[in-house]
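To start, the structure under review is shown below, and the notes come after it.
In the numbering used here, the protein residues as written are 23 to 372.
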């Protein structure tokens, strides 16, 4: 066998796993002879079978190279994770049975054989696996973790992060007289739902938190005669969320190991969230593409000019945001002057 052939067979493993990466089936799993069978969801992982409960929590990982078939030519097929194991998995889904057979066949074909080049083959396979882990695992784990989080869990994560940001910014301003105006402000700028939290953020003007939360610096409310600039920052955060979801940003920030831990058990430690909250509030702000942001200004019937000049007083770096403004002479503020004045008092009880 040549190195070229070994590489080709390694690619066949990757191709086979990619072909079946979205395939799932039900199975009956028994952890030991004395245990009752329980229903699990069976899917393919990185060279393994993943057994998960109904909530998607992994219960076991079986190496495909070690999996053994306990039955011959009949359905359902009973599998074992290896010689001498009392653990079993029963599957009657023909598509999954055939997929397992095909992947195991390919894996066996690249197993080391006696010969002068067997160590080279092993090295090529190991290099390929390490390359997959190093280059693909971070992005794959972030994408997967982001997709599996339901709305209720995203809200819980957002609430937990807000508790950590409160330690840095203080509690959000909530003067009762101003709250009706804040609700109108939210309804105008967040028509699909969400919360705006007005806090003391220091040098940063805004930030987005999972669960539909936007942090807004109190100076944007208190030091502007009208709502245009503050509203612009809210729309900016919405545009950023369109380009990269706040949950995805969080998983990228906390790292691959913490993300994999979350996938496994669904928890994030307070220490981890505190570190992320600090990074979120101190990292430099990023701007979305003007092509993403301008439609939001148009939908809100808001002039983008005041926001553009707040970002850059010269207008040199916000030229397209200014020139692409279609609401300059046709914008309509959806909160009244009285509402804005009331909102400016929201931190009065601080």
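C-beta: ideal position from N, C-alpha, C; glycine also.
Handout entry: residue 31, DSSP secondary structure in three states
Key = Counting from one through the chain shown, the residue named residue 31 turns up at place 9. Model confidence at residue 31 stands at a pLDDT of 49, short of 50, so the residue's coordinates are unreliable; what they give is reported in the following sentence. Per DSSP, reduced to three states, the secondary structure at residue 31 is helical.
Practice task
Give a yes or no on whether the C-beta atoms belonging to residue 231 and residue 242 are separated by under 8 Å.
Solution key: Against the chain shown, residue 231 aligns to sequence position 209. Against the chain shown, residue 242 aligns to sequence position 220. Contact annotation: residue 231 and residue 242 have beta-carbon atoms that are not nearer than 8 Å.
Practice task
Give a yes or no on whether 8 Å exceeds the smallest Cβ distance from residue 213 to chain B.
Solution key: Given the protein chain composition of this structure (a single chain), no chain B is represented.
Problem - Buried/exposed call for residue 306, threshold 16 Cβ in 10 Å - result: As a first step, residue 306 is located in the chain shown; it is residue number 284 there, counting from the start. Exposed, by the Cβ-count rule.
Handout entry: Cβ shell of residue 100 (< 6 Å), same chain only, five flanking positions each side left out
Key = Locating residue 100 in the chain shown gives position 78, where the first residue counts as 1. Closer than 6 Å at Cβ, skipping near neighbours: 92, 93, 110, 112.
Problem - 6 Å CB neighbourhood of residue 46 in its chain, flanking five on each side removed - result: What you label residue 46 is simply residue 24 of the chain shown in a count that begins at 1. Apart from sequence neighbours up to five positions away, the residues of its chain that approach residue 46 with a beta-carbon distance below 6 Å are 63, 65, ordered along the chain.
Practice task
Count the CB pairs spanning the segment 306–315 and the segment 338–349 that are closer than 8 Å, and state whether there are at least three.
Solution key: Touching, per the Cβ criterion.
Exercise for the section: Name the residue from 304, 257, 221 whose alpha carbon lies nearest to the alpha carbon of residue 367. Expected result: Here residue 367 refers to the residue found at position 345 of the chain shown. Considering only 304, 257, 221, the residue with the shortest C-alpha distance to residue 367 is 221.
Practice task
Please determine if the segment 275–291 and the segment 224–240 are in contact, where contact requires at least 3 C-beta pairs separated by less than 8 Å.
Solution key: By the Cβ rule, the segment 275–291 does not count as touching the segment 224–240, because fewer than three pairs are nearer than 8 Å.
Exercise for the section: Helix, strand or coil for residue 230, going by three-state DSSP, please let me know. Expected result: To locate residue 230, count along the chain shown from 1; it is residue 208. Residue 230: strand per DSSP, three-state reduction.
Exercise for the section: Apply the 10 Å Cβ neighbour rule to residue 105 and answer buried if 16 or more other Cβ atoms are within range, or exposed otherwise. Expected result: Within the chain shown, numbered from 1, the residue matching residue 105 stands at position 83. Its Cβ having fewer than 16 others within 10 Å, residue 105 is exposed.
Problem - Sequence-distant residues of its chain with Cβ nearer than 8 Å to residue 80 (five each side left out) - result: Residue 80 sits at position 58 when you count from the first residue of the chain shown. Beyond the five residues adjoining it in sequence on each side, residue 80 comes within less than 8 Å, by CB distance, of 72, 73, 74, 285, 286 in the same chain, given in chain order.
Handout entry: With 16 other Cβ atoms within 10 Å as the buried cut-off, status of residue 224
Key = What you label residue 224 is simply residue 202 of the chain shown in a count that begins at 1. Burial call: exposed.
Practice task
Determine, using beta carbons only, whether residue 278 and residue 159 come nearer to each other than 8 Å.
Solution key: Residue mapping note: residue 278 aligns to position 256 of the chain shown, counting from 1. Residue mapping note: residue 159 aligns to position 137 of the chain shown, counting from 1. In this structure, residue 159 lies closer than 8 Å to residue 278 by Cβ.
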